[in-house]
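Notes to accompany the following structure.
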Amino acid sequence: MVRKSQEWPDEGELIVGTVYKVLNYGAFAKLEEYQGKEAFIHISEVSSGWVKNIRDHVRENQKIVCRVLRVNPKKGHVDASLKRIREDQRTKKIQHWKIEQKAEKFLELSAKSLDKNLDEAYDEVGYELMDIFGDVYGAFETASDEGAESLTEEGIPQDWADAITEVAKKNITPPEVHISGYVDIETFVPDGVDVIVSALKAAEDNGDEEEEIRVQCVGAPRYRITVKSTDYILAEKTLKAAAERCIAVVEESGGNGSFLRELDN
Numbered sequence: 022m023v024r025k026s027q028e029w030p031d032e033g034e035l036i037v038g039t040v041y042k043v044l045n046y047g048a049f050a051k052l053e054e055y056q057g058k059e060a061f062i063h064i065s066e067v068s069s070g071w072v073k074n075i076r077d078h079v080r081e082n083q084k085i086v087c088r089v090l091r092v093n094p095k096k097g098h099v100d101a102s103l104k105r106i107r108e109d110q111r112t113k114k115i116q117h118w119k120i121e122q123k124a125e126k127f128l129e130l131s132a133k134s135l136d137k138n139l140d141e142a143y144d145e146v147g148y149e150l151m152d153i154f155g156d157v158y159g160a161f162e163t164a165s166d167e168g169a170e171s172l173t174e175e176g177i178p179q180d181w182a183d184a185i186t187e188v189a190k191k192n193i194t195p196p197e198v199h200i201s202g203y204v205d206i207e208t209f210v211p212d213g214v215d216v217i218v219s220a221l222k223a224a225e226d227n228g229d230e231e232e233e234i235r236v237q238c239v240g241a242p243r244y245r246i247t248v249k250s251t252d253y254i255l256a257e258k259t260l261k262a263a264a265e266r267c268i269a270v271v272e273e274s275g276g277n278g279s280f281l282r283e284l285d286n
């Protein structure tokens with residue numbers, strides 16, 4: 022069960038639940054993110070249309086996303102609505118919940134490496150990670166990208182930072198960035214074809230750097246340079262450098278060249 026740092030949801034919040042009882046007048050659901058809490062959805066909040074049979078809209082063991090209408094901690098009661106939510110909101114919430122489920126497994130793996138359990142993980146760092154990074158998965162993403170120091174700088178103990186970072190780097194692949202630009206190059210020397218070929222090879226030669234560079238002919242004298250990286254700023258620098266290398270070879274032969282950055286989608 023994915024957990025929240027707070028005990029009760031806020032009014033208006035979107036929550037994930039599992040329906041465990043359906044009656045003629047409404048349905049009860051156990052909340053996936055709030056341990057031991059449940060919500061009641063009155064039949065009038067099940068659908069925006071007329072509900073002839075509530076079971077046509079909700080059933081036992083169904084995962085639902087609903088909006089919190091009222092919270093009464095004294096009575097241990099949450100009223101929620103299925104109809105006051107758009108489909109895109111429902112989809113986004115389910116996707117985020119699934120990601121946080123994955124993050125909880127990562128946290129459990131980190132805890133096991135320290136001979137601790139998931140409850141201890143939440144108590145010692147889990148809730149704190151939520152407060153700092155917004156959610157647990159955000160903490161693992163940061164650790165994967167920036168290392169253990171990104172956690173210790175926020176006050177996370179070194180042993181936990183190391184354990185989380187190890188799990189993060191094994192399980193999270195940084196998102197790839199693809200950017201492109203065009204070079205227009207031309208030369209009029211007798212061996213001009215060889216010069217152009219050398220210029221394009223110079224563009225693709227990125228030394229020992231990890232960024233991948235690919236050159237395609239759009240239609241002479243225009244060529245497209247594409248850079249793949251995990252860092253947008255670094256990709257921009259790599260693209261610019263590739264274009265400059267290409268143009269420099271052409272200009273050395275007495276030719277000329279120019280660079281045009283392709284707009285991102």
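Numbering-wise (this note's numbering), the sequence shown opens with residue 22 and increments by one. Virtual Cβ for every residue (Gly too), placed ideally from N, Cα, C.
Closest residue to residue i among the options (Cα-Cα distance)
| i | options | result |
| --- | --- | --- |
| Ile120 | Tyr158, Leu135, Ala189, Lys137 | Tyr158 |
| Arg88 | Pro94, Lys114, Trp181, Ile217 | Lys114 |
| Arg282 | Thr259, Ala269, Val271, Val270 | Thr259 |
| Ala241 | Asp252, Leu150, Val218 | Val218 |
| Glu28 | Lys42, Tyr46, His98 | His98 |
| Ile64 | Gly228, Ile246, Arg76, Asn277 | Arg76 |
| Asn45 | Lys96, Arg105, Glu66, Glu233 | Glu66 |
| Gln122 | Ser134, Gly147, Gln110 | Gly147 |
| Phe280 | Ile234, Thr39, Arg245, His199 | Arg245 |
| Gly155 | Gly168, Glu230, Thr173, Ala124 | Ala124 |
| Ile200 | Leu172, Asp183, Asp226, Glu233 | Glu233 |
| Tyr143 | Ser274, Val23, Glu32 | Val23 |
| Asp252 | Glu231, Lys73, Glu145 | Glu231 |
| Val270 | Glu129, Leu221, Asp229 | Leu221 |
| Leu128 | Arg235, Glu272, Glu187, Lys42 | Glu187 |
| Arg243 | Thr39, Gly228, Cys267 | Cys267 |
| Asn74 | Lys95, Val43, Lys51 | Val43 |
Burial state of residue i, where buried means 16 or more other Cβ atoms lie within 10 Å
| i | result |
| --- | --- |
| Lys191 | exposed |
| Ile254 | exposed |
| Ser131 | buried |
| Trp181 | buried |
| Thr208 | buried |
| Ser10 | The requested residue 10 is not part of the displayed model; the chain covers only 22 to 286. |
| Glu81 | exposed |
| Pro30 | buried |
| Glu149 | buried |
| Asp183 | buried |
| Glu32 | exposed |
| Gly228 | exposed |
Expected contact under 8 Å - CB spacing of residue i and residue j to nearest Å
| i | j | result |
| --- | --- | --- |
| Phe161 | Ile177 | Going by Cβ atoms, the distance from Phe161 to Ile177 rounds to 12 Å, so no, they are not a contact pair. |
| Asp100 | Arg91 | 4 Å |
| Val239 | Ala263 | Not quite, the Cβ-Cβ distance comes to about 15 Å (not below 8 Å), so this is no contact. |
| Asp166 | Pro211 | Not confirmed; about 50 Å, so no contact. |
| Gly276 | Ile193 | The pair is not a contact, with the Cβ atoms about 46 Å apart (cut-off 8 Å). |
| Ser134 | Leu103 | Contact flag wrong, Cβ pair sits at about 41 Å. |
| Phe61 | Gly70 | About 20 Å; that fails the 8 Å criterion. |
| Glu53 | Trp118 | 7 Å |
Sub-7 Å separation of residue i and residue j beta-carbons
| i | j | result |
| --- | --- | --- |
| Glu59 | Phe49 | yes |
| Ala189 | Ala223 | no |
| Val37 | Val79 | no |
| Val216 | Gly278 | no |
| Lys25 | Tyr55 | yes |
| Ala256 | Val214 | no |
| Glu175 | Ile153 | yes |
Enclosing beta strand (DSSP E) for residue i [first to last residue]
| i | result |
| --- | --- |
| Arg100 | Looking at the sequence provided, one finds Asp at residue 100 rather than Arg. From DSSP, the beta strand (DSSP E) with Asp100 extends over 98-102. |
| Phe49 | 47-52 |
| Gln237 | 233-240 |
| Thr247 | 243-250 |
| Ile36 | 35-44 |
Start-to-end residues for the alpha helix (DSSP H) that takes in residue i
| i | result |
| --- | --- |
| Arg111 | 108-134 |
| Tyr55 | Unbroken run through Tyr55: none, as it is neither H nor E. |
| Arg91 | Counting along the chain, Arg91 falls outside any alpha helix (DSSP H), though it belongs to the beta strand (DSSP E) covering 84-93. |
| Ile193 | No alpha helix (DSSP H) holds Ile193; DSSP gives it neither H nor E. |
| Arg282 | Careful: Arg282 lies outside any alpha helix (DSSP H), inside the beta strand (DSSP E) at 277-282. |
| Glu265 | 253-273 |
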